[in-house]
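Position 258 of the sequence shown, counting from 1, maps to 257 under numbering that gives the first Met the number 0, and the rest follow consecutively.
Glycine included, C-beta positions come from ideal geometry on N, C-alpha and C.
Bear in mind the structure is a predicted one, so any value in this text is a computation, not a measurement.
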Amino acid sequence: MTYEALFTGAWGDPNSIGETLRQATPLILTGLGFSVATSAGFFNIGGAGQYLVGWLSSIWFVLSFPSLPGVVLITGAIAAGAIAGGIWSGIAGVLRAYLKTNEVITTIMLNYIALYLSNWIVKSFLANGDADYSKSIPQSASLRSPFLMELTNNSTFHYGLFIAIVIAIIMAFVMKKTTVGYEIRSIGLNSDASKYAGMSTKKVIILAMTLSGLLAGIGGAVDGIGNYQNILVLASTPSVGFDGLAVALLAYGNPIGIVFASLLFASLKIGGLNIPVVSNTPSEIVDIVIALIIFFVGASYLFEYISKKMKTNKSKGGKA
């Protein structure tokens with residue numbers, strides 16, 4: 000009964016399908032962002048903050064220039080989100096490259112700075128009076144459309160999913176077929192060897208972290224102008240940043256795999272809302288399932304790391 004409720008809640012009707020696809024959209028982009036950083040050997044925990052500054056910047060851009068044509072508004076909003084996310088993550092990249100500062104610590108700190116800075120800007124400049132949210136964006140700047148709403152029975156599904164899928168395909172090509180992708184992966188595999196080969200490790204570190212934040216920022220932008228249509232004062236950092244981390248780990252950093260992993264997580268999130276309706280099982284069971292997925296994926300990474308260490312030690316012992 001519970002599993003049936005989970006499935007029907009996510010895929011049982013056009014509205015549920017639309018909501019599931021909408022939920023997957025920012026997960027794809029934050030997951031892609033995290034995967035770029037891990038490919039370079041870094042653990043970017045700042046996806047939530049980068050997503051948030053991307054969301055804030057996209058709404059700010061649209062509300063600042065509401066009279067621009069729709070295509071320009073949407074393009075500018077996404078570009079603003081990308082730039083903001085890239086700069087935000089680039090700060091951690093610069094600190095890592097030049098001061099050897101641990102990126103886990105700096106990105107966590109930047110998450111909270113992003114949260115409080117965003118709340119202050121919303122309350123001080125974007126909200127009407129004492130409201131805890133900004134004005135809504137004009138319809139011309141929205142990624143929603145009457146066609147998609149009719150197709151999915153008035154869900155919040157929007158064109159952001161198609162943008163995310165195109166970016167995932169581009170990132171799959173970039174990481175496997177271009178010099179930039181090769182350098183990022185080389186740094187992740189062996190930074191000393193990469194430096195010896197003539198690569199500028201500092202430049203690649205900053206590039207990888209900036210690209211990571213840029214993707215998360217796009218996630219915030221498309222969610223802002225596609226899903227929320229405004230920006231709110233938040234009590235905590237958005238969970239989508241950390242969910243994107245889990246998605247990337249589950250997909251082993253593969254950009255196409257991230258798309259499917261995002262659909263799985265979105266199905267659990269949206270389908271879980273239907274569980275208490277048809278059974279006595281609380282919706283928190285979904286959080287337990289997600290936690291178990293993360294645990295077992297993390298355990299596989301740990302076993303792989305231990306196995307590599309043991310092989311390295313054996314090879315050193317054999318040479319001795």
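Exercise. Ordered along the chain, which non-local residues of its own chain (more than five positions away) have a Cβ less than 8 Å from that of T1?
Worked result: I274, S278, T280, I284
Exercise. Would you report the Cα separation of S193 and L206, rounded to the nearest angstrom?
Worked result: 15 Å
Exercise. Could you check where the alpha helix (DSSP H) with P254 kicks off and where it finishes?
Worked result: 254-271
Exercise. Just checking my contact of A167 with L301 at CB under 8 Å: how many whole Å lie between their CB atoms?
Worked result: Wrong, their Cβ atoms sit about 27 Å apart, outside the cutoff.
For this session: Pull up the CB-CB distance for G53 and A83, whole angstroms please, since I reckon it's below 8 Å.
Result: 5 Å
For this session: Assign V327 to one of two classes, buried (16 or more other C-beta atoms within 10 Å of its C-beta) or exposed (fewer than that).
Result: Residue 327 falls outside the range modelled here, since the chain spans only 0 to 319, and no answer is possible.
Problem set entry | Proximity of S139 and G69 at Cβ, strictly below 7 Å | yes
Exercise. Alpha carbon to alpha carbon, how far is G256 from G128?
Worked result: 45 Å
Exercise. Ends of the alpha helix (DSSP H) at F60?
Worked result: Where F60 is concerned, the enclosing alpha helix (DSSP H) stretches over 46-63.
Problem set entry | Cα-Cα separation between A130 and V179, rounded to whole angstroms | 45 Å
Exercise. Can you list, in chain order, the residues of its chain whose CB lies under 8 Å from that of D12, leaving out five sequence neighbours each side?
Worked result: N152
For this session: For L291, count neighbouring C-beta atoms within 10 Å of its own C-beta (all shown protein chains included) and say buried if the count is 16 or more, exposed if not.
Result: Exposed is the call here.
Exercise. Where does K307 land, buried or exposed, given buried means 16+ other C-beta within 10 angstroms?
Worked result: exposed
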